[in-house]
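Here the protein sequences line up with chains R and G, keeping their order.
Residue numbers for the first sequence follow our numbering, beginning at 391 and rising by one.
Residue numbers for the second sequence follow our numbering, beginning at 354 and rising by one.
Okay, structure first, notes after.
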Amino acid sequence: MAIVAPPSKYGKVGRPVLAWAVGLLFFFPIFWMILTSFKTDADAVKPEFLFVFKPTLENYLNMTENYDYWRFAKNSVITAVAATLFTLFIGIPCAYAMAFNPSRATKDVLMWMLSTKMLPAAAVLYPMTFLTKSLGLFDTHFLVILVLSLINLPIVVWMLFTYFKEIPKDIIEAGQMDGVNTWGEFKEILVPLAWGGIVSTALLCFIFCWNEAYWTVRLTTTDAATLSKLIEGNRAPEGLFFGRLSAVSAAAVGPIIILGWFCQKQLVQGLTFGAVK
Amino acid sequence: MSTRTLPRLLQSPAVLLLLVWMLVPLGMTLYFSFIRYVLNSLRRPEWTKPSLSNWRGFGNYEFVMNSKDFWFAIQNSLFIVCSILFATVILGILIAILINKAFPGQGIVRVLLISPFFVMPAVNAVLWINMILDPVLGLNGLAVAGINDLIANLQNAPLVGGFFSLWPEFEPISFRATQTSAYAVIMMVTWQWTPFAVLIFMTSLQSEDQQQKEAAVLDGAGVWSQFRFLTLPHLGRPIAIVVMIQAIFHLSLYAEIEIVSRGNGNKNLPYLIGEFANNNIGAASATGIFAVILANIVAIFLLRMVGKTLME
Numbered sequence: 391m392a393i394v395a396p397p398s399k400y401g402k403v404g405r406p407v408l409a410w411a412v413g414l415l416f417f418f419p420i421f422w423m424i425l426t427s428f429k430t431d432a433d434a435v436k437p438e439f440l441f442v443f444k445p446t447l448e449n450y451l452n453m454t455e456n457y458d459y460w461r462f463a464k465n466s467v468i469t470a471v472a473a474t475l476f477t478l479f480i481g482i483p484c485a486y487a488m489a490f491n492p493s494r495a496t497k498d499v500l501m502w503m504l505s506t507k508m509l510p511a512a513a514v515l516y517p518m519t520f521l522t523k524s525l526g527l528f529d530t531h532f533l534v535i536l537v538l539s540l541i542n543l544p545i546v547v548w549m550l551f552t553y554f555k556e557i558p559k560d561i562i563e564a565g566q567m568d569g570v571n572t573w574g575e576f577k578e579i580l581v582p583l584a585w586g587g588i589v590s591t592a593l594l595c596f597i598f599c600w601n602e603a604y605w606t607v608r609l610t611t612t613d614a615a616t617l618s619k620l621i622e623g624n625r626a627p628e629g630l631f632f633g634r635l636s637a638v639s640a641a642a643v644g645p646i647i648i649l650g651w652f653c654q655k656q657l658v659q660g661l662t663f664g665a666v667k
Numbered sequence: 354m355s356t357r358t359l360p361r362l363l364q365s366p367a368v369l370l371l372l373v374w375m376l377v378p379l380g381m382t383l384y385f386s387f388i389r390y391v392l393n394s395l396r397r398p399e400w401t402k403p404s405l406s407n408w409r410g411f412g413n414y415e416f417v418m419n420s421k422d423f424w425f426a427i428q429n430s431l432f433i434v435c436s437i438l439f440a441t442v443i444l445g446i447l448i449a450i451l452i453n454k455a456f457p458g459q460g461i462v463r464v465l466l467i468s469p470f471f472v473m474p475a476v477n478a479v480l481w482i483n484m485i486l487d488p489v490l491g492l493n494g495l496a497v498a499g500i501n502d503l504i505a506n507l508q509n510a511p512l513v514g515g516f517f518s519l520w521p522e523f524e525p526i527s528f529r530a531t532q533t534s535a536y537a538v539i540m541m542v543t544w545q546w547t548p549f550a551v552l553i554f555m556t557s558l559q560s561e562d563q564q565q566k567e568a569a570v571l572d573g574a575g576v577w578s579q580f581r582f583l584t585l586p587h588l589g590r591p592i593a594i595v596v597m598i599q600a601i602f603h604l605s606l607y608a609e610i611e612i613v614s615r616g617n618g619n620k621n622l623p624y625l626i627g628e629f630a631n632n633n634i635g636a637a638s639a640t641g642i643f644a645v646i647l648a649n650i651v652a653i654f655l656l657r658m659v660g661k662t663l664m665e
């Protein structure tokens, strides 16, 4: 429309340039980490090799030797995948019932679930240590999976609930008229219709599990230790190992950043509980 | 089966699990906060087992409130959280408005911008405190050394040399002291969470009423008054949400503090609880209850706000 004021010369060129500058600035630390990961430990701290250097893959090739990377990565994958599946397994029926058979209590239950998410983890640090140690669960995959599931369950139920709510009730009712039972209704109608929502919920849950850094650090030592624990344990290399530390960090966050690119939109819904549209 | 039974059955695993997860550990924290309970004590071995006979009433709470660390940790927690909130909201609004209109490469800029949010907190802290902020070997140190070299060279230059010889030699800031490591934490968390604010504000800006804006332009409203009277009120609710969600997350900030500040005094509440929990469980538990109260004050507002939109 002609009504809108024509953009000034500054706006035409300045805005994209500024926008690109901001984008690059925010990405710079990640870029720097990736760049450093291709330098040898000695080169990484020399000013003359800041941007021009002889790239090497040795940091990546020696990740097992230097940090036992794959053992931690394996634990991260196992716990994050299992926790995501378990959370969906419990969360989908719950959200399904809430969306299609809401009772007067549904709203309160949802709010209460959300409130459990707001409990500061540190407040129950010692009881959790005490309980898990006395039950023999400390530093086991089972424990990490359970804890990750529990801290993500509220968000997963919320996200699924907001997706399921969008599905017209008529479709479900038509299915019921045709004599489809609950399981059939679920499998034939709900899952195909809400597939996109379920997948993005799963992705987001997986990312949160992967990045979790309180319980995975405090409730593991070696057997079930994840990548968060690995990085936390190598926090201060005093400049000696910038190259290898960058490589192991890049390997720990790279896949997740790429996954994250695919669920930007769902992130808003997942983290604001549908309150921002 | 009645129509009510099946839905209840489907909900019960999730509800029961969360109920146990919430009540059992919190109940234990509450209990431990009222008894004398330490992990190691040669003089009073009876205190090393949790028992009602070690009842201390509000003694742990008193002990915690009389400790300097506690008040410092509260103050420091609030300082860190408020600084992060302030920075992310301002930057978030500016950047969201900047990249909201289409321009070449908008999609790529969005991807670049959102990436920090997916970096795991441990990597975030290790990356910033070492590779970027280290006063000697990080970019911080290298940049300051570079500036000093440049000045030293310029001092020998003709004409301007005299001017530059008046300049002092710059010292890189060390981000490992108590106060500066709090700044380092603020910096790295702001870097990580500004993208979140941008994403939410952008989502909200897309639903802004364009006709109203055009009408305002017709009426001769300038850019500033458009922003002040249309955009800002429209963003009111998203801002409140961003503030509250971040407040809840950052009140329990842990990995960054642990990695950046171990042993240098830059404590927040979760870190202090971890310290107490090395021996004095009673004090750790009482501090935990204080942390719960603090988080609840924020949570109540957030829940009210979310609750309103829930059934729309």
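We put the beta carbon where it would ideally sit given N, CA and C, even for glycine.
Under the three-state DSSP convention, the category residue i falls into
{"i": "Ile557 (chain R)", "result": "coil"}
{"i": "Pro511 (chain G)", "result": "coil"}
{"i": "Val391 (chain G)", "result": "strand"}
{"i": "Trp374 (chain G)", "result": "helix"}
{"i": "Asn429 (chain G)", "result": "helix"}
{"i": "Asn632 (chain G)", "result": "coil"}
{"i": "Trp651 (chain R)", "result": "helix"}
{"i": "Trp520 (chain G)", "result": "coil"}
{"i": "Met391 (chain R)", "result": "Residue confidence is low: Met391 (chain R) scores 39 on pLDDT, short of 50, so the model does not pin down where it sits. No coordinate-derived value is stated."}
{"i": "Gly404 (chain R)", "result": "helix"}
Closest residue to residue i among the options (Cα-Cα distance)
{"i": "Leu655 (chain G)", "options": "G:Leu571, G:Gln599, G:Pro403", "result": "G:Gln599"}
{"i": "Tyr450 (chain R)", "options": "R:Trp651, R:Lys655, R:Leu635, R:Thr662", "result": "R:Leu635"}
{"i": "Gln545 (chain G)", "options": "G:Phe456, G:Val476, G:Tyr390", "result": "G:Val476"}
{"i": "Lys620 (chain G)", "options": "G:Asn631, G:Asn633, G:Leu606, G:Leu447", "result": "G:Leu606"}
{"i": "Val391 (chain G)", "options": "G:Lys661, G:Ala537, G:Asn407, G:Pro378", "result": "G:Asn407"}
{"i": "His603 (chain G)", "options": "R:Asp568, R:Ala511, R:Ser493, R:Phe520", "result": "R:Ala511"}
{"i": "Leu371 (chain G)", "options": "R:Glu578, R:Thr474, R:Ala409, R:Gly481", "result": "R:Gly481"}
{"i": "Leu447 (chain G)", "options": "G:Phe432, G:Val489, G:Ile594, G:Thr547", "result": "G:Thr547"}
{"i": "Asn633 (chain G)", "options": "G:Ala574, G:Pro586, G:Gly412, G:Leu503", "result": "G:Gly412"}
{"i": "Thr533 (chain G)", "options": "G:Ala636, G:Phe629, G:Asn617", "result": "G:Asn617"}
{"i": "Trp460 (chain R)", "options": "R:Thr612, R:Lys402, R:Val407", "result": "R:Thr612"}
{"i": "Glu524 (chain G)", "options": "G:Gly494, G:Leu507, G:Ala537", "result": "G:Gly494"}
{"i": "Leu609 (chain R)", "options": "R:Leu500, R:Trp548, R:Ala489, R:His531", "result": "R:His531"}
{"i": "Val368 (chain G)", "options": "R:Trp422, R:Thr662, R:Cys484, R:Phe479", "result": "R:Cys484"}
Within 9 Å, strictly: CB atoms of residue i and residue j
{"i": "Gly526 (chain R)", "j": "Leu465 (chain G)", "result": "no"}
{"i": "Ala550 (chain G)", "j": "Thr441 (chain G)", "result": "yes"}
{"i": "Leu594 (chain R)", "j": "Ile646 (chain R)", "result": "no"}
{"i": "Met375 (chain G)", "j": "Pro517 (chain R)", "result": "no"}
{"i": "Phe417 (chain R)", "j": "Lys429 (chain R)", "result": "no"}
{"i": "Ala648 (chain G)", "j": "Ile592 (chain G)", "result": "no"}
{"i": "Asn624 (chain R)", "j": "Phe631 (chain R)", "result": "yes"}
{"i": "Leu742 (chain R)", "j": "Val638 (chain R)", "result": "Because chain R is modelled from 391 through 667, residue 742 (chain R) falls outside the range shown and cannot be assessed."}
{"i": "Ser468 (chain G)", "j": "Thr531 (chain G)", "result": "no"}
{"i": "Gly445 (chain G)", "j": "Phe554 (chain G)", "result": "yes"}
{"i": "Leu617 (chain R)", "j": "Ser427 (chain R)", "result": "no"}
{"i": "Ser370 (chain R)", "j": "Lys655 (chain R)", "result": "Since the first residue shown for chain R is 391 and the last is 667, residue 370 (chain R) is missing from the structure and cannot be characterised."}
{"i": "Leu538 (chain R)", "j": "Ile561 (chain R)", "result": "no"}
{"i": "Cys653 (chain R)", "j": "Ala470 (chain R)", "result": "no"}
{"i": "Trp577 (chain G)", "j": "Met540 (chain G)", "result": "no"}
{"i": "Ala592 (chain R)", "j": "Phe462 (chain R)", "result": "no"}
{"i": "Leu406 (chain R)", "j": "Gly458 (chain G)", "result": "Sequence inspection shows Pro at residue 406 (chain R); the Leu mentioned does not correspond to that position. For Pro406 (chain R) and Gly458 (chain G), yes; Cβs fall inside 9 Å."}
{"i": "Leu509 (chain R)", "j": "Val645 (chain G)", "result": "yes"}
Nearest-angstrom beta carbon gap, residue j and residue i [assumed within contact, 8 Å]
{"i": "Leu533 (chain R)", "j": "Ile597 (chain R)", "result": "The Cβ separation is near 21 Å, so there is no contact."}
{"i": "Gln667 (chain G)", "j": "Leu583 (chain G)", "result": "With chain G covering only 354 through 665, there is no way to say anything about residue 667 (chain G)."}
{"i": "Asn501 (chain G)", "j": "Gly491 (chain G)", "result": "Wrong, their Cβ atoms sit about 16 Å apart, outside the cutoff."}
{"i": "Leu363 (chain G)", "j": "Ala472 (chain R)", "result": "The Cβ separation is near 22 Å, so there is no contact."}
{"i": "Ser638 (chain G)", "j": "Ser386 (chain G)", "result": "4 Å"}
{"i": "Asn542 (chain R)", "j": "Thr477 (chain R)", "result": "5 Å"}
Test: residue i CB closer than 9 Å to a CB of chain A
{"i": "Thr382 (chain G)", "result": "Of the protein chains in this structure, namely R and G, none is chain A."}
*With 7 Å as the C-beta to C-beta threshold (strictly closer), list the residues of the region 581-595 of chain G near chain R in chain order.*
Flagged, chain order: Pro591, Ile594.
*asked:* By the 9 Å beta-carbon criterion, what residues does the region 473-484 of chain G contribute toward chain R?
replied: Identification of residues in the region 473-484 of chain G having a C-beta nearer than 9 Å to some C-beta of chain R yields Met473, Pro474, Ala475, Val476, Asn477, Ala478, Val479, Leu480, Trp481, Ile482, Asn483, Met484, given in sequence order.
*What residues in the region 643-654 of chain G bring their beta carbon closer than 7 Å to a beta carbon of chain R?*
Answer set for the region 643-654 of chain G: Ala644, Val645, Ala648, Ala652.
*Could you please tell me which residues of the region 508-534 of chain G, in chain order, have their CB closer than 8 Å to any CB of chain R?*
Cβ contacts with chain R come from no residue of the region 508-534 of chain G.
_chain G contacts from the region 407-418 of chain R (Cβ-Cβ distance under 7 Å)_ = When CB distances to chain G are screened at a threshold of 7 Å, the residues of the region 407-418 of chain R falling below it are Leu408, Ala409, Trp410, Val412, Gly413, Leu414, Phe416, Phe417, in chain order.
*asked:* Please list, in chain order, the residues of the region 635-650 of chain R that have any C-beta partner in chain G closer than 8 Å.
replied: Taking 8 Å as the Cβ-Cβ cut-off, the region 635-650 of chain R approaches chain G at Leu635, Ser636, Ser639, Ala642, Val643, Ile646, Ile647, Leu649, Gly650, given in chain order.
*Got a sec: which bits of the region 401-427 of chain G sit with their beta carbon under 9 Å from any beta carbon on chain R, in order along the chain?*
So the list reads Pro403, given in the order they occur along the chain.
_Cβ-based contacts, 9 Å cut-off: residues of the region 504-515 of chain R near chain G_ = Those would be Leu504, Ser505, Thr506, Lys507, Met508, Leu509, Pro510, Ala511, Ala512, Ala513, Val514, Leu515, in chain order.
*asked:* Short of 9 Å Cβ to Cβ, which residues in the region 567-598 of chain R face chain G?
replied: Going along the region 567-598 of chain R in chain order, one finds Thr572, Ile597 with a Cβ nearer than 9 Å to chain G.
*asked:* Short of 8 Å Cβ to Cβ, which residues in the region 456-481 of chain R face chain G?
replied: Result list: Ile480, Gly481.
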